[in-house]
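Student: Note that our numbering has the sequence shown beginning at 13, numbered continuously upward.
After the structure tokens below, expect a handful of questions from me.
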Amino acid sequence: MGEIVHREVQANGIRMHVAEAGSGFPVVFCHGFPELWYSWRHQLRALAEAGYRAIAPDMRGYGGTEAPEDPRQYTMKVLCADMAGLLDALGLERAVFVGHDWGGAVVWQMGLRYPERVAAIVGLNTPYAPPSNRRTTEALRDYHGLTDETFYMRYFLRPGVAEAELEADIERTFHKMFMDWTRAEDFTTFMRVGGDGSGVLARIPDDRRSFLSDEEIAVYVEAYRKTGFRGGLNWYRAADLNAEEEGAPQGPQLHVPAMMITAANDTILKPEMAAAMPALIPGIRMEHLERCGHWTQQERPEEVNRLLLDFLAGLGLQQG
Numbered sequence: 013m014g015e016i017v018h019r020e021v022q023a024n025g026i027r028m029h030v031a032e033a034g035s036g037f038p039v040v041f042c043h044g045f046p047e048l049w050y051s052w053r054h055q056l057r058a059l060a061e062a063g064y065r066a067i068a069p070d071m072r073g074y075g076g077t078e079a080p081e082d083p084r085q086y087t088m089k090v091l092c093a094d095m096a097g098l099l100d101a102l103g104l105e106r107a108v109f110v111g112h113d114w115g116g117a118v119v120w121q122m123g124l125r126y127p128e129r130v131a132a133i134v135g136l137n138t139p140y141a142p143p144s145n146r147r148t149t150e151a152l153r154d155y156h157g158l159t160d161e162t163f164y165m166r167y168f169l170r171p172g173v174a175e176a177e178l179e180a181d182i183e184r185t186f187h188k189m190f191m192d193w194t195r196a197e198d199f200t201t202f203m204r205v206g207g208d209g210s211g212v213l214a215r216i217p218d219d220r221r222s223f224l225s226d227e228e229i230a231v232y233v234e235a236y237r238k239t240g241f242r243g244g245l246n247w248y249r250a251a252d253l254n255a256e257e258e259g260a261p262q263g264p265q266l267h268v269p270a271m272m273i274t275a276a277n278d279t280i281l282k283p284e285m286a287a288a289m290p291a292l293i294p295g296i297r298m299e300h301l302e303r304c305g306h307w308t309q310q311e312r313p314e315e316v317n318r319l320l321l322d323f324l325a326g327l328g329l330q331q332g
């Protein structure tokens, strides 16, 4: 019942790798940086066993999905068209969308851009914010009180620099990045580019403490040895271009069944950043996980699965 199968589809003009499990009402999972469909493995199995069709693509730029070189091919308009194209390729009219990190930004945008394709939205860590003409990397830099030298998003904008750091030793990169809630200080060091611009990983101890097993980390290492990090970094390099989009949806409110899950020890996507969401998304369900860092669905899969299944059960969706 919970067996994960893989396929390739054509969606929005690119080849997309998709992992799926189960049958029933579709639930699409959108991952963030630097992850893969694999970050949702626990959710795919749990939802399949509960009677849903769980679908997790490698997002544009990642894993087995194509990675255009031009950052302009990673704007929110394009990324949301990818997800609408995925539904088209699978012959689906609507789905529940679940997103984490950059995938969280995509699923909230799906509610604005393709409301007729969205049955409900679940966001992990990434808050919904009404569209703005502010440049994303500058707005978040200023929110955290940092500088171009000491904010990771601005560091990521420099072509080739982050690639060189992250690809120097990919196994070490993932051991340093996949840190649990007890290493929130290290996550802040990542955000601050070491505090001195030396690199996002340079000042993080190489003690191999992770909530993932060596076998799980090896899945990421194998994938990124093939692709490198450029595709994922292009999401950051496109972020400020979203402010220039003509005819972008404005909101500010989003009218769709929704749940937001915040994590107490995520020092970049802080829980307080979601404080305005109940006013912006009427009826939203707000949930919070203590002792949880940034990698929520992988660090706390049982709690995430429980919340997801409870939320889905309350929607009264036809499960096929």
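The beta carbon of each residue, even a glycine, is placed where N, CA and C say it ideally should be.
Contact between the segment 27-39 and the segment 87-107: three or more CB pairs below 8 Å?
Tutor: yes
Student: Around the C-beta of residue 210, are 16 or more other C-beta atoms found within 10 angstroms, so that it is buried, or is it exposed?
Tutor: Counted from its first residue, the sequence shown places residue 210 at position 198. By the neighbour-count rule (16 or more Cβ atoms within 10 Å), residue 210 is not buried but exposed.
Student: Short check: CB of residue 286 to CB of residue 272, under 9 Å?
Tutor: Walking along the sequence shown from the start, residue 286 turns up at place 274. Walking along the sequence shown from the start, residue 272 turns up at place 260. In this structure, residue 272 lies closer than 9 Å to residue 286 by Cβ.
Student: DSSP state of residue 268, grouped into three classes?
Tutor: The count along the sequence shown starts at 1 and reaches residue 268 at position 256. Coil at residue 268, not helix or strand.
Student: Let me know if residue 225 comes out buried or exposed under the rule of 16 or more other beta-carbons within 10 Å of its beta-carbon.
Tutor: Counted from its first residue, the sequence shown places residue 225 at position 213. Classification for residue 225: exposed.
Student: Express the C-alpha separation of residue 162 and residue 150 in angstroms, rounding to a whole number.
Tutor: Numbered from 1 along the sequence shown, position 138 holds the residue referred to as residue 150. Numbered from 1 along the sequence shown, position 150 holds the residue referred to as residue 162. Cα to Cα, the separation comes out at about 12 Å.
Student: At the level of alpha carbons, what is the spacing between residue 21 and residue 78?
Tutor: Position 9 of the sequence shown holds residue 21. Position 66 of the sequence shown holds residue 78. Distance between the alpha carbons of residue 21 and residue 78: 11 Å.
Student: Tell me where the beta strand (DSSP E) around residue 136 begins and ends.
Tutor: Taking the first residue of the sequence shown as position 1, residue 136 is located at position 124. Run containing residue 136: 130-136, per the beta strand (DSSP E) assignment.
Student: Residue 147 and residue 255: beta carbons closer than 9 Å?
Tutor: The count along the sequence shown starts at 1 and reaches residue 147 at position 135. The count along the sequence shown starts at 1 and reaches residue 255 at position 243. In this structure, residue 255 lies closer than 9 Å to residue 147 by Cβ.
Student: What did DSSP end up calling residue 173 once you bin it into helix, strand or coil?
Tutor: As a position in the sequence shown, residue 173 is number 161, starting the count at 1. If DSSP states are grouped into helix, strand and coil, residue 173 belongs with the helices.
Student: Looking at the unbroken beta strand (DSSP E) that takes in residue 19, where does it start and where does it end?
Tutor: Here residue 19 corresponds to residue number 7 of the sequence shown, with the count starting at 1. Where residue 19 is concerned, the enclosing beta strand (DSSP E) stretches over 17-23.
Student: Do residue 108 and residue 329 count as a contact pair if the criterion is CB distance below 9 Å?
Tutor: Position 317 of the sequence shown, counted from the start, is the residue given in the question as residue 329. Position 96 of the sequence shown, counted from the start, is the residue given in the question as residue 108. Yes, the Cβ-Cβ distance between residue 329 and residue 108 is below 9 Å.
Student: With burial defined as no fewer than 16 other Cβ atoms inside 10 Å of the residue's Cβ, what is the status of residue 18: buried or exposed?
Tutor: Translated into the one-based positions of the sequence shown, residue 18 becomes position 6. Burial call: exposed.
Student: From the DSSP output, read off the bridge partner residues of residue 28.
Tutor: Taking the first residue of the sequence shown as position 1, residue 28 is located at position 16. Bridge partners of residue 28: 21.
Student: If you pair each beta-carbon of the segment 153-171 with each one of the segment 122-136, do three or more pairs fall below 8 Å?
Tutor: no
Student: Please name the residue, chosen from 16, 97, 257, 138, that lies closest to residue 26 on a Cα-to-Cα basis.
Tutor: What you label residue 26 is simply residue 14 of the sequence shown in a count that begins at 1. Ranking the options by Cα distance to residue 26, first place goes to 97.
Student: Suppose the cutoff is 7 Å on Cβ atoms and the five residues either side in sequence are ignored; what does the same chain contact list for residue 332 look like?
Tutor: Residue mapping note: residue 332 aligns to position 320 of the sequence shown, counting from 1. For residue 332, the predicted structure reports a pLDDT of 44, less than 50, and the residue's modelled location is therefore unreliable. The matter cannot be settled from this model.
Student: Would you give the residue range spanned by the beta strand (DSSP E) that residue 297 belongs to?
Tutor: For the purposes of this step, residue 297 is taken as the residue at position 285 of the sequence shown. Residue 297 -> beta strand (DSSP E) spans 297-301.
Student: Between the C-alpha atoms of residue 217 and residue 203, what's the straight-line distance to the nearest angstrom?
Tutor: Taking the first residue of the sequence shown as 1, we reach residue 217 at position 205. Taking the first residue of the sequence shown as 1, we reach residue 203 at position 191. When rounded, the distance between both Cα atoms is 15 Å.
Student: May I ask you to report which of helix, strand or coil DSSP gives residue 37?
Tutor: In the sequence shown, residue 37 corresponds to position 25, counting from 1. Note: residue 37 maps to strand in three-state DSSP.
Student: Which residue from 47, 264, 70, 194 puts its Cα closest to that of residue 32?
Tutor: Working through the sequence shown from its first residue, we reach residue 32 at position 20. Of 47, 264, 70, 194, the residue nearest in Cα terms is 70.
Student: Using the Cβ count rule (16 or more neighbours within 10 Å means buried), how would you classify residue 303?
Tutor: For this step, residue 303 is matched to residue 291 along the sequence shown. Per the 10 Å Cβ criterion, exposed.
Student: For residue 319, tell me which candidate among 15, 133, 16 has the shortest Cα-Cα distance.
Tutor: Against the sequence shown, residue 319 aligns to sequence position 307. Closest by alpha carbon: 133.
Student: Hey, which unbroken runs of the alpha helix (DSSP H) at 4 residues or more fall wholly within the segment 222-296?
Tutor: 226-239, 242-251, 289-292
Student: Do you know offhand how far residue 290's Cα is from residue 298's?
Tutor: Position 278 of the sequence shown, counted from the start, is the residue given in the question as residue 290. Position 286 of the sequence shown, counted from the start, is the residue given in the question as residue 298. Their Cα atoms are separated by approximately 8 Å.
Student: When the Cα atoms are used, what is the spatial distance from residue 145 to residue 294?
Tutor: The residue you call residue 145 lines up with position 133 of the sequence shown. The residue you call residue 294 lines up with position 282 of the sequence shown. Cα to Cα, residue 145 sits roughly 24 Å from residue 294.
Student: Out of 326, 313, 278, which has the shortest C-alpha to C-alpha gap to residue 139?
Tutor: Here residue 139 refers to the residue found at position 127 of the sequence shown. It is 278.
Student: Please list the terminal residues of the continuous alpha helix (DSSP H) segment that includes residue 182.
Tutor: Counting from 1 along the sequence shown, the entry for residue 182 is found at position 170. Per DSSP, residue 182 belongs to the alpha helix (DSSP H) from 182-189.
Student: Use the C-beta contact count for residue 123: other C-beta atoms within 10 angstroms, 16 or more gives buried, fewer gives exposed.
Tutor: Indexing the sequence shown from 1 puts residue 123 at position 111. When all chains shown are included, residue 123 counts as buried.
Student: Are the CB atoms of residue 16 and residue 59 nearer to each other than 9 Å?
Tutor: If you number the sequence shown from 1, residue 16 lands on position 4. If you number the sequence shown from 1, residue 59 lands on position 47. The criterion of a C-beta distance shorter than 9 Å is not satisfied by residue 16 and residue 59.
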